[in-house]
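Trainee:
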Amino acid sequence: MAGRKIAAVYVLHPRAVRRHLAGGDDFAAVLSGRVIDGARRRGKYLWLPAGDDAILAHLGMSGQLLITDRAEPLSAHVRVRFTFADGGPDLRFTDQRTFGHLAFAPGGAELPPAIAHIAPDPLEAAFDLAALTQLFRARRTGIKRALLDQSLVSGIGNIYADEALWRARLHWARPTETLNGPEVSRLLAAVREVLGEALVAGGTSFDDLYVDVNGESGYFERSLAVYGREGFPCLRCGTPVRRDSFMNRSAYTCPRCQPRPRRARL
Ligand SMILES: [Zn+2]
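Oh and the sequence shown: position 1 is 0 in numbering that gives the first Met the number 0, straight run, nothing missing.
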C-alpha cells in the first residue's frame, strides 16, 4: 500500500464508517487523492498513515483488509472499497458481521488520538520494561488478567498469553505484585518470542475469517504448546496439560512447569 494514491473510496455499507460522524460521503471525499504512507498497528487497531492524518481500522470479529485485483467482482461482504490512481489492486474492507469499522483520524499519522489510551505493545521499539514492571506491581491482579489488560500492555490475546506464560514457567494466577524484575523480563521475552513466531506463521486461525491481506490463513495453531491441549503431555516434561476456567474462557498450564501459587489471584 505504501506510496499509492487513492483514486476513489466507495462506502458500500454505512455501518463500516459509523465512527466517522460526518458520514460515508464525507469519509470518501476526505480520503480521495491522498497517498498512503504505510501500515501500522497497536493492539487490535491498524492505521494507514497518509500525510499527517490516518485511516484507522478495527477489524472487529470478522473484518478483513484485502488487497484484491480490481477486476474481481465485489463479494457480498465488501463494506468499503478503495481504488488507486496507479490502476493496481483495490484495498477492500470486507466484514461479514459488520462489527469492524474504519475511521478518518485527523493528525493520527503517528498515533491516532482515539487509541492513545491503549498501552504500547511489546513489539514496539518504545516499549518500556521498567514501566511495565511498575504497573504490574501496582495493579495487584493475576498475571494473565494483567497480560490481557490493554491499558497495561496491548496486543496479547488469550492464546498468546497462555503460550507465553508456559514458556516463562509462570502460573496464570500468580499475583502481579509478587513478580520480581527478572520474572517480568522473562515473561516479556516469552511474549515477544510467541508474538514474533506467530507473526511469521501468519497468526492463529481457528476459522477462515482470520486472514492476511492476500486472504491466507495463519498456521501458528500447529505450534501451540499448551493452548487447547488439555490432557496432552507437556512438551517440556510430559505432565498432562491442565485446563482451568478463566473469565468465561480457559487457561491452559502445565501443573509441573507452572506450579499454582499458594496465594492465587483469579
Ligand atoms: Zn511441563
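Just so it is clear, CB atoms sit at the ideal spot from N, CA and C, and this is done for glycine as well.
1) Considering only C-alpha positions, which residue in the set Ser-61, Asp-36, Ile-54, Val-10 is nearest to Asp-211?
2) Could you please give the first and the last residue of the uninterrupted alpha helix (DSSP H) stretch that includes Phe-135?
3) Is it buried or exposed, Lys-4, if we count other Cβ atoms within 10 angstroms and call 16 or more buried?
4) Verify the contact flag: Arg-235, CB atom, against every heavy atom of ligand 1, threshold strictly below 6 Å.
5) Tell me, to the nearest whole angstrom, how far the beta carbon of Gly-107 is from that of Asp-52; I am working on the premise that it is less than 8 Å.
6) Does Ala-124 pass the burial test, meaning 16 or more other C-beta atoms within 10 Å, or should it be called exposed?
7) Let's test the definition: count the other Cβ atoms within 10 Å of the Cβ of Phe-231 and tell me whether it reaches 16, buried, or not, exposed.
8) Please confirm whether any heavy atom of ligand 3 lies closer than 6 Å to the CB of Thr-93.
9) Determine contact between the region 148-163 and the region 233-253, defined as no fewer than three beta-carbon pairs at a distance below 8 Å.
10) For the structure I just gave you, are there three or more beta carbon pairs, one from the region 140-155 and one from the region 165-185, closer than 8 Å?
11) Have a look at Thr-175 and Arg-41 and give me their C-alpha separation to the nearest angstrom.
12) Classify Met-0: buried if its beta carbon has 16 or more other beta carbons within 10 angstroms, exposed otherwise.
13) Can you pull the DSSP bridge partners for Tyr-209?
14) What are the start and end residues of each continuous beta strand (DSSP E) run of 3 or more residues lying completely inside the region 185-248, in chain order?
15) If you draw a straight line from the C-alpha of Val-29 to the C-alpha of Cys-256, how long is it?
16) Return helix, strand or coil for Gly-87, following the three-state DSSP convention.
17) Note down the Cα distance separating Arg-166 from Gly-201, rounded to an integer number of angstroms.
18) Between which two residues does the alpha helix (DSSP H) harbouring Phe-98 extend?
Mentor: This is what the structure gives:
1) Ser-61
2) 128-138
3) The residue is exposed, with fewer than 16 neighbouring Cβ atoms inside 10 Å.
4) yes
5) 6 Å
6) Burial is judged here by how many other beta carbons sit within 10 angstroms of a residue's own beta carbon; Ala-124 has fewer than 16 and is exposed.
7) exposed
8) Absence of ligand 3 from the depicted structure is noted, with ligand 1 being the only ligands included.
9) yes
10) yes
11) C-alpha separation (whole angstroms): 23 Å.
12) buried
13) In DSSP, Tyr-209 forms no bridge with anything.
14) 241-245
15) The alpha-carbon atoms of Val-29 and Cys-256 are separated by roughly 54 Å.
16) coil
17) A straight line joining the alpha-carbon of Arg-166 with that of Gly-201 spans about 20 Å.
18) First-last for Phe-98: undefined, no H or E at that position.
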